[in-house]
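Chains P and E, in that order, give the protein sequences.
Quick note, the first sequence lines up with residues 410 to 741 if you use the numbering used here.
Quick note, the second sequence lines up with residues 410 to 741 if you use the numbering used here.
The beta carbon of each residue, even a glycine, is placed where N, CA and C say it ideally should be.
Protein chains: 2
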Amino acid sequence: LNPHDVVRALLRERADRAPRERGEAYAPANIALCKYWGKRDAGLNLPITSSLSVSLGDLGARTRIEPLDGPDDRFVLNGREAEPNGSAARRVGAFLDRFRGADGPRYFVESESRIPVGAGLASSASGFAALVKALDRLYGWDLPPESLSILARLGSGSACRSVYDGFVVWEAGERADGMDSLARRMDEEWPDLRIGLHIVSSAPKPVGSREGMNRTVETSLLYRVWPERVAADLPRLRDAIRDRDFEALGATAESNALTMHATMMDARPPILYWKPETVGAMERIRALRAAGVAAYYTIDAGPNVKILYEESSENAIREAFPELQIAIPFAQ
Amino acid sequence: LNPHDVVRALLRERADRAPRERGEAYAPANIALCKYWGKRDAGLNLPITSSLSVSLGDLGARTRIEPLDGPDDRFVLNGREAEPNGSAARRVGAFLDRFRGADGPRYFVESESRIPVGAGLASSASGFAALVKALDRLYGWDLPPESLSILARLGSGSACRSVYDGFVVWEAGERADGMDSLARRMDEEWPDLRIGLHIVSSAPKPVGSREGMNRTVETSLLYRVWPERVAADLPRLRDAIRDRDFEALGATAESNALTMHATMMDARPPILYWKPETVGAMERIRALRAAGVAAYYTIDAGPNVKILYEESSENAIREAFPELQIAIPFAQ
Numbered sequence: 410l411n412p413h414d415v416v417r418a419l420l421r422e423r424a425d426r427a428p429r430e431r432g433e434a435y436a437p438a439n440i441a442l443c444k445y446w447g448k449r450d451a452g453l454n455l456p457i458t459s460s461l462s463v464s465l466g467d468l469g470a471r472t473r474i475e476p477l478d479g480p481d482d483r484f485v486l487n488g489r490e491a492e493p494n495g496s497a498a499r500r501v502g503a504f505l506d507r508f509r510g511a512d513g514p515r516y517f518v519e520s521e522s523r524i525p526v527g528a529g530l531a532s533s534a535s536g537f538a539a540l541v542k543a544l545d546r547l548y549g550w551d552l553p554p555e556s557l558s559i560l561a562r563l564g565s566g567s568a569c570r571s572v573y574d575g576f577v578v579w580e581a582g583e584r585a586d587g588m589d590s591l592a593r594r595m596d597e598e599w600p601d602l603r604i605g606l607h608i609v610s611s612a613p614k615p616v617g618s619r620e621g622m623n624r625t626v627e628t629s630l631l632y633r634v635w636p637e638r639v640a641a642d643l644p645r646l647r648d649a650i651r652d653r654d655f656e657a658l659g660a661t662a663e664s665n666a667l668t669m670h671a672t673m674m675d676a677r678p679p680i681l682y683w684k685p686e687t688v689g690a691m692e693r694i695r696a697l698r699a700a701g702v703a704a705y706y707t708i709d710a711g712p713n714v715k716i717l718y719e720e721s722s723e724n725a726i727r728e729a730f731p732e733l734q735i736a737i738p739f740a741q
Numbered sequence: 410l411n412p413h414d415v416v417r418a419l420l421r422e423r424a425d426r427a428p429r430e431r432g433e434a435y436a437p438a439n440i441a442l443c444k445y446w447g448k449r450d451a452g453l454n455l456p457i458t459s460s461l462s463v464s465l466g467d468l469g470a471r472t473r474i475e476p477l478d479g480p481d482d483r484f485v486l487n488g489r490e491a492e493p494n495g496s497a498a499r500r501v502g503a504f505l506d507r508f509r510g511a512d513g514p515r516y517f518v519e520s521e522s523r524i525p526v527g528a529g530l531a532s533s534a535s536g537f538a539a540l541v542k543a544l545d546r547l548y549g550w551d552l553p554p555e556s557l558s559i560l561a562r563l564g565s566g567s568a569c570r571s572v573y574d575g576f577v578v579w580e581a582g583e584r585a586d587g588m589d590s591l592a593r594r595m596d597e598e599w600p601d602l603r604i605g606l607h608i609v610s611s612a613p614k615p616v617g618s619r620e621g622m623n624r625t626v627e628t629s630l631l632y633r634v635w636p637e638r639v640a641a642d643l644p645r646l647r648d649a650i651r652d653r654d655f656e657a658l659g660a661t662a663e664s665n666a667l668t669m670h671a672t673m674m675d676a677r678p679p680i681l682y683w684k685p686e687t688v689g690a691m692e693r694i695r696a697l698r699a700a701g702v703a704a705y706y707t708i709d710a711g712p713n714v715k716i717l718y719e720e721s722s723e724n725a726i727r728e729a730f731p732e733l734q735i736a737i738p739f740a741q
């Protein structure tokens, strides 16, 4: 099964609908508390393990799509027209091809992203999730969220989680066609929860996430026990969310991230995404905890540090990290 | 079998000899290129895996021991008398007890160490190796080096490697009494090899090596594949030494150290010995390599960085690390 077959299987007779004038949608970025790290199928972005994330409220992407006359798509990101043959436009075009086929309609796509692009902050996750939702509106498909999640996954694995607000679990699934590899929202709210984004660097990473993931799966011996670690961490996080046990949530998310980075360091050649400031932030967070402030970190495939805390700790966190960009996952 | 039984089994009839006036000996510190990480027996310091090190030439400990009248040992380290009930004096006293029994003779022990104490630079390794050699001379035992290696191991695991100059392999062994767990020198010289010691911090570590090792063995899932990693790295290092293949030596040592730190990060709670300056030094070494300078690092259970290079790169290394303390393992 290729991605185009997956799209057809999900759309069925809807595939024939005519477009409206435009479709517009918003999708939040998300931060994994139990990481997605390793693919069992690169074509369909099927993961080796399940993962769990929290969506970042109003830090995300708003995307508008309109049919366009002419031979080429146009893609405008944050008010700037993307180079037609640049990597961003090519990735969006390839994704649209899965829906329209090679000789289908062209589109004008405009996206506003409130998060730093390419800095390990899952900008592609919110981008592809918003694009799928915008397509769903453009054509009036009115697909169930599970189908949108599968479609978003075809653009970027973690995009399948950005279809939802709140806490989201992406079940790895077992099927070769990935029809059971999709995300669902947990029915839980945590209004006091905050995610601070500590940007150490927005420069392109020396090793992209895809390459880092693949090299880890192929060469790391330590990666072999990663699925077992996830199998222990995921239920622990679910329980912590249900029990509003912030220490359990934070400690599990932090150690899960460290284990993911550990598998990278065991890749050959080893992969290190940390910068000196990354370790400096980790030290500051440990010092905050030693001083009684409940704060934990998680780190994705990059040098930036995401800080988990509750609203009651906001002053202490802001003092230690004055430049912090703060996400409120459950804003009222 | 306890450590005292091991001493008796090795000394046999030699145990009755009368001491000379004094015994004096030198032992170098050593840096593991394939790390010792994890014990199968804490009482006898028996390792789970074999390891390979290089001794640091004239960076080590010179120790003198004399019988003493009176009820208490005296221990002078770098010209300062140690607190009789401090941890250093207690550890030396407990080690001497394995030779003399509880009511045996008291000693005056004086040791000069040319390496920073307690900074993850194996000061205890050279210390115990020098003490065993000094005892051997005090009593005229004239034990073979393999026996000295076993005796030194009873004080500190990695001390069994500091009995020798040059490249040293510590075979893990299989016996419960550890009589086959000892180090041997490789018959190889590498006169151009240099080890730069980049001291990031000499402060006591938040988690001591023993505790870090034990917690990793008990709680890290990733640790389970460590023996497999060692089984691959050790022959690669032996080959690199025989072939004088510096890139293979450095890359293998560097990745082996990263894998050891990876197992720590997967301990629960995770263990992180790195400081921002540690990662900064790692970055600088990678930058040197990118600029064509063959330099690699290894890191023990602490924040300090040991840089491997050859004499021809000395100027570039000194420029990047002006404060470097330089060891010459094979000085003529």
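Counting along the chain, E/LYS448 sits inside the beta strand (DSSP E) bounded by residues 448-450. Neighbours of E/LYS542 in chain P, taken as residues whose beta carbon is under 8 Å from its own, are absent, since the nearest beta carbon is some 37 Å off.
In this structure E/LEU505 does not touch E/SER558 by the C-beta definition: roughly 18 Å separates them, more than the 8 Å allowed. Nearest CB-CB separation between P/LEU631 and chain E: below the 8 Å threshold.
Interface with chain E (8 Å Cβ-Cβ cutoff): P/PRO644 is excluded. Using beta-carbon distances, P/LYS684 counts as an interface residue toward chain E, with a partner under 8 Å. When Cβ pairs closer than 8 Å are counted between the two stretches, the stretch 702-721 of chain P is seen to touch the stretch 668-685 of chain P, the count reaching three or more.
Sequence-distant Cβ neighbours of P/PRO480 in its own chain, meaning closer than 8 Å and more than five residues away, are ARG515.
With its beta carbon at least 8 Å from every one in chain P, E/SER611 lies outside the interface. Rounded to the nearest angstrom, the gap between the Cα atoms of E/LEU646 and E/ALA662 is 8 Å.
Exposed is the label assigned to E/GLY495, since fewer than 16 other Cβ atoms lie within 10 Å of its Cβ. Listed along the chain, the chain P residues whose CB falls inside 9 Å of the CB of E/LEU681 are LEU667, VAL688, MET691, GLU692, ARG695. Assigned with DSSP and collapsed to three states, P/PHE504 falls in helix. Closer than 9 Å at the C-beta level to chain E, one finds these residues of the stretch 649-675 of chain P: ALA660, GLU663, SER664, LEU667, THR668, HIS670, ALA671, THR672, MET673, MET674, ASP675.
Using a Cβ-Cβ cut-off of 7 Å, E/ARG677 is close to SER664 of chain P, given in chain order. Straight across, the Cα-Cα distance linking E/VAL416 with E/SER610 is about 36 Å. Beta-bridge annotation (DSSP): P/HIS607 is paired with P/VAL714. With fewer than 16 other Cβ atoms inside 10 Å of its own Cβ, E/ASP589 counts as exposed.
For the options P/LYS715, P/PRO456, P/PHE730, the alpha carbon positioned closest to that of P/SER464 is the one of P/LYS715. P/MET673 sits close to P/GLY621, with the two beta carbons spaced by under 8 Å.
Ranked by how close their Cα comes to the Cα of E/ILE440, the residues E/GLU475, E/ALA534, E/ILE474 have E/ALA534 in first place. Pairing P/GLY587 with P/LEU453 gives a Cβ-Cβ distance under 8 Å. Looking at the DSSP output, E/LEU461 bridges to E/CYS443, E/VAL578. Contact between P/LEU643 and P/SER459 holds, with the beta-carbon distance rounding to 6 Å and staying under 8 Å.
Rounded to whole angstroms, the separation of the alpha carbons of P/ASP675 and P/SER629 is 5 Å.
Contact note: P/GLU637 reaches chain E through LEU630, using a C-beta cutoff of 8 Å and chain order.
Excluding sequence positions up to five before and after E/ALA568, its CB lies within less than 7 Å of the CB of SER533, ALA534, PHE537, ALA538, ALA561, ARG562, all in the same chain and listed in chain order.
Taking a Cβ-Cβ cut-off of 7 Å, P/VAL578 has no neighbours in chain E, whose nearest Cβ is about 22 Å from it. The way I'd put it, the stretch 548-556 of chain E doesn't touch the stretch 576-583 of chain E; fewer than three beta-carbon pairs between them come closer than 8 Å. At least one CB atom of chain P sits nearer than 8 Å to the CB of E/VAL634. Short of 7 Å from the beta carbon of P/ARG677, and not among the five residues preceding or following it, lie these beta carbons of its own chain, in chain order: THR628.
Nearest neighbour of P/ASP545 by Cα position, chosen from P/ALA511, P/GLY432, P/ILE457, turns out to be P/GLY432. Between E/GLU656 and the set E/LEU468, E/PRO600, E/ARG638, E/GLY701, the nearest pair of CA atoms involves E/GLY701.
Here E/PHE517 is bridged, per DSSP, to E/GLU475, E/ARG483. Between the beta-carbon of P/GLY469 and that of P/PRO738 there is about 11 Å, and that puts the pair past the 8 Å contact cut. Here DSSP, grouped into helix, strand and coil, assigns E/ARG619 to helix.
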